[in-house]
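What follows is a set of notes on a single structure, which appears directly below.
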Amino acid sequence: MLMSALYVALDAPFDYTISDMPYLRKWWCLLLMENFDLRSSGKLFAHWREEAKAVLEGQHVPIFRLKKRKFQEVSQEPAVVEDLHPAVQWVVQNKALFRGHVTMPKYLSLNQGDQQRVLRDMSEEEDTGAARDMFLFVFQFAEDMELFLKACADEQGLRVSAMFDM
304 MLMSALYVAL DAPFDYTISD MPYLRKWWCL LLMENFDLRS SGKLFAHWRE EAKAVLEGQH
364 VPIFRLKKRK FQEVSQEPAV VEDLHPAVQW VVQNKALFRG HVTMPKYLSL NQGDQQRVLR
424 DMSEEEDTGA ARDMFLFVFQ FAEDMELFLK ACADEQGLRV SAMFDM
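Per this note's numbering, residue 304 is the first one in the sequence shown, and the count goes up by one each step.
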């Protein structure tokens, strides 16, 4: 609610998502600590008060601070689309590592209108199996799929879906 109020007050476009919430909570805590006196917190938050005081005095480096983002840098694409392009690029660059054929996600061959429809279906429907299938990488061999998932999902942290079709 605090972020919504801030954005409304600043007349800024809402560019944060639910995945940003853990970081935003920490940011708000630091912001409140920097702007309000902590001495009146009593014994209930005494342990926290000492840590916060050390952070504010520069004796302790905070674990996390949000970088200031420019509104132009914020991607409006859903995560599944945002991660699709680096995954496709990885498959193309590492084609020689695969034993069999790799079918790229059907979403890439759709026109812009159909892509928007698929994204709308994913966000509105409860059963989004058909829409999610549009983002599947299909491998001929299970070993190829495992290699892809290890490189893209595990090592790069990309949100991708894959299956193998015998």
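Beta carbons are placed, not taken as given, at the ideal position from N, Cα and C, and that holds for glycine.
*Starting from residue 467, follow the beta strand (DSSP E) in both directions and report where the run begins and ends.*
464 to 467 is the extent of the beta strand (DSSP E) around residue 467.
*Out of 356, 322, 448, 454, which has the shortest C-alpha to C-alpha gap to residue 406?*
Residue 448 is the option with its Cα nearest to residue 406.
*When we look at the beta-carbon of residue 437 and count the other beta-carbons within 10 Å, is it buried (16 or more) or exposed?*
It is buried - the Cβ of residue 437 has at least 16 other Cβ atoms within 10 Å.
_7 Å Cβ cutoff met for residue 444 and residue 403_ = In this structure, residue 444 lies near residue 403, with their beta-carbon atoms less than 7 Å apart.
*So what does residue 439 bridge to, in DSSP terms?*
Answer is 464, bridged to residue 439.
*Do you know how far the Cα of residue 325 is from the Cα of residue 389?*
Cα-Cα distance, rounded: 25 Å.
*asked:* Measuring straight from C-alpha to C-alpha, what distance separates residue 311 and residue 462?
replied: So the alpha carbons of these two residues sit roughly 31 Å apart.
_Spatial neighbours of residue 331 in its chain, beta-carbon cut-off 6 Å, leaving aside the 5 residues before and after_ = Excluding positions up to five away in sequence, the list reads 305.
*Cβ pair residue 441, residue 417 closer than 7 Å*: Taking 7 Å as the Cβ cut-off, residue 441 and residue 417 do not qualify as a contacting pair.
*CB residue 464 to CB residue 439, shorter than 7 Å?*
Yes.
*Are the CB atoms of residue 425 and residue 434 nearer to each other than 7 Å?*
The Cβ atoms of residue 425 and residue 434 sit closer than 7 Å to each other.
*Buried or exposed: where does residue 323 fall if 16 or more other Cβ atoms within 10 Å of its Cβ makes it buried?*
Burial state of residue 323 is exposed, judged by a 10 Å Cβ sphere holding fewer than 16 other Cβ atoms.
*Alpha-carbon spacing of residue 357 relative to residue 327, whole angstroms*: Each residue's alpha carbon lies about 21 Å from the other.
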